[in-house]
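*Asks:* Below are the structure tokens for one structure; questions will follow.
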Amino acid sequence: VVEVGQDVKAFSFKEYMKEKAVAVNFALDLAVPLEYPEKLTEAMRYSLLAGGKRVRPALCIAACELVGGKEESVMPTACAMEMIHTMSLIHDDLPCMDNDDLRRGVPTNHKKYGEDTAILAGDALLAFSFEHVARDTRGVPAERVVRVIANLGKAVGAEGLVAGQIVDILSEGDPTVDLEKLEYIHLHKTAGLLESAVVCGAIIGGASEEEIERLSKYARYVGLLFQVIDDILDVTQSSEELGKTAGKDLLVDKATYPKLLGLEKSREFAAELTQKAKEQLEIFDQLKCGPLLGLADYIANRQN
Ligand code: GRG
Numbered sequence: 143v144v145e146v147g148q149d150v151k152a153f154s155f156k157e158y159m160k161e162k163a164v165a166v167n168f169a170l171d172l173a174v175p176l177e178y179p180e181k182l183t184e185a186m187r188y189s190l191l192a193g194g195k196r197v198r199p200a201l202c203i204a205a206c207e208l209v210g211g212k213e214e215s216v217m218p219t220a221c222a223m224e225m226i227h228t229m230s231l232i233h234d235d236l237p238c239m240d241n242d243d244l245r246r247g248v249p250t251n252h253k254k255y256g257e258d259t260a261i262l263a264g265d266a267l268l269a270f271s272f273e274h275v276a277r278d279t280r281g282v283p284a285e286r287v288v289r290v291i292a293n294l295g296k297a298v299g300a301e302g303l304v305a306g307q308i309v310d311i312l313s314e315g316d317p318t319v320d321l322e323k324l325e326y327i328h329l330h331k332t333a334g335l336l337e338s339a340v341v342c343g344a345i346i347g348g349a350s351e352e353e354i355e356r357l358s359k360y361a362r363y364v365g366l367l368f369q370v371i372d373d374i375l376d377v378t379q380s381s382e383e384l385g386k387t388a389g390k391d392l393l394v395d396k397a398t399y400p401k402l403l404g405l406e407k408s409r410e411f412a413a414e415l416t417q418k419a420k421e422q423l424e425i426f427d428q429l430k431c432g433p434l435l436g437l438a439d440y441i442a443n444r445q446n
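Under the UniProt record's numbering, the first residue of the sequence shown is numbered 143, with each subsequent residue one higher.
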């Protein structure tokens with residue numbers, strides 16, 4: 143929050159994200175110390191602390207605070223979201239998946255530590271994310287913590303991220319992939335963890351069932367929006383960016399929104415998703431909705 147004039151306060155999304163990223167980075171650094179076996183913990187820390195926007199932990203904290211919870215009680219859950227996100231990126235970058243050399247501006251985990259260590263560092267981060275929520279959450283009723291752990295498991299496993307990834311892999315080069323399948327992939331690969339971040343933050347904060355349902359829908363719209371914008375940027379920035387990560391989807395035969403809908407309709411769809419995401423927040427105190435409204439706008443308007 144920044145001061146404007148004497149006592150009027152205007153919300154700054156940029157400042158909010160910066161502040162939460164600092165708090166999350168501090169907590170992640172403490173949660174995963176460099177210890178024996180150093181090769182493993184160094185590889186875990188390498189990807190976990192390599193930057194990244196910290197969107198999922200920030201969403202998790204924002205949802206918790208929106209319903210009256212405290213940052214300190216949700217921090218292990220927020221960190222778990224980033225551990226899972228990071229491990230999914232490590233595994234996604236492997237030669238048997240996307241085979242990427244760079245991630246967050248530095249060599250990918252397997253390029254630096256070897257494939258064997260990268261797989262194990264991902265596995266260890268995944269296991270630790272659950273342990274961290276269960277062991278280190280303070281001042282929250284146990285039934286909320288158990289609900290969070292169950293939600294997280296579902297968001298990650300065969301009904302979540304992993305399902306999205308395998309359907310994505312199986313769809314590569316398949317000319318029959320339609321909008322329904324594209325939506326399935328994005329809802330599972332991207333929206334699922336964003337949804338879990340928001341819902342788990344709300345659960346820790348003591349949200350009502352209606353609040354949880356609204357936030358869950360908000361996150362699904364935002365997750366889809368993220369991918370629609372990604373696809374649009376791939377087309378509109380491809381001339382300057384070909385050869386870098388953007389434009390990659392044009393090189394491999396992959397279904398995208400502009401390919402299936404056309405660019406104009408994709409833009410209309412993005413605007414519709416932004417509006418629907420924001421509508422979900424109408425039941426909350428608008429003075430507290432700054433971070434979640436800001437995130438929807440940030441994703442809708444991003445340029446890279
Ligand atoms: C989860 C058990 C388990 C295995 C992994 C590889 C895999 C299964 C899933 C792939 C998931 C994946 C790579 C989804 C794309 C997610 C996405 C939108 C990444 C970009 O997120 P940003 O922009 O990145 O938030 P930063 O670097 O800022 O964190």
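All C-beta atoms, glycine included, are put in the ideal place defined by N, C-alpha and C.
Since the structure is predicted, the reported quantities are computational estimates derived from the model, not experimental observations.
So, under 8 Å CB-CB, R286 and I345 are touching, yes? Tell me the CB distance rounded to an integer number of Å.
*Replies:* Indeed they touch by this definition, with Cβ atoms about 5 Å apart.
*Asks:* Compare the C-alpha of L182 against each of H274, A165, R444 and G264 and name the closest.
*Replies:* The candidate whose alpha carbon is nearest that of L182 is G264.
*Asks:* What are the start and end residues of each continuous alpha helix (DSSP H) run of 4 or more residues lying completely inside the stretch 310-379, in chain order?
*Replies:* Here the runs fully enclosed are 321-328, 334-346 and 351-378.
*Asks:* Distance cutoff 9 Å, beta carbons only. Does V290 sit that close to anything in chain C?
*Replies:* The chain inventory of the structure shown lacks chain C, comprising one protein chain alone.
*Asks:* Per the DSSP calculation, P249 is bridged to which residue(s)?
*Replies:* BP columns for P249 point to L244.
*Asks:* Specify the secondary structure class of A300 as computed by DSSP and reduced to three states.
*Replies:* Coil.
*Asks:* Among L201, L403 and V216, which has the Cα closest to the Cα of A169?
*Replies:* Measuring from the Cα of A169, the nearest candidate turns out to be V216.
*Asks:* Kindly indicate which three-state DSSP category A192 falls into: helix, strand or coil?
*Replies:* Reduced to three states, the DSSP call for A192 is coil.
*Asks:* Taking the alpha carbon of S154 as the reference point, which residue from P433, G295, I441 and A442 has its own alpha carbon closest?
*Replies:* Nearest option by C-alpha distance: P433.
*Asks:* Can you tell me where the alpha helix (DSSP H) with F155 in it begins and where it stops?
*Replies:* Counting along the chain, the alpha helix (DSSP H) containing F155 begins and ends at F155 to A173.
*Asks:* To the nearest angstrom, how far is it from the Cα of I354 to the Cα of L437?
*Replies:* Between I354 and L437, the C-alpha separation is close to 18 Å.
*Asks:* Using the Cβ count rule (16 or more neighbours within 10 Å means buried), how would you classify T318?
*Replies:* Result: exposed.
*Asks:* Between S230, A200 and D258, which lies nearest to R245 when the distance is taken from Cα to Cα?
*Replies:* Residue S230 is the option with its Cα nearest to R245.
*Asks:* What span of residues does the alpha helix (DSSP H) with V282 cover, start to end?
*Replies:* Looking at the DSSP string, V282 is not in any alpha helix (DSSP H), and its letter there is neither H nor E.
*Asks:* By Cβ distance below 6 Å, which residues in the same chain neighbour A269 in space, the five residues on each side in sequence not counted?
*Replies:* None.
*Asks:* Please tell me whether E224 and G347 are closer than 9 Å, where the distance is taken between their beta carbons.
*Replies:* Result no, Cβ atoms of E224 and G347 do not sit closer than 9 Å.
*Asks:* For the 8 Å Cβ check, are there 3 or more pairs between the stretch 302-317 and the stretch 154-167?
*Replies:* At 8 Å Cβ cutoff, the stretches do not touch.
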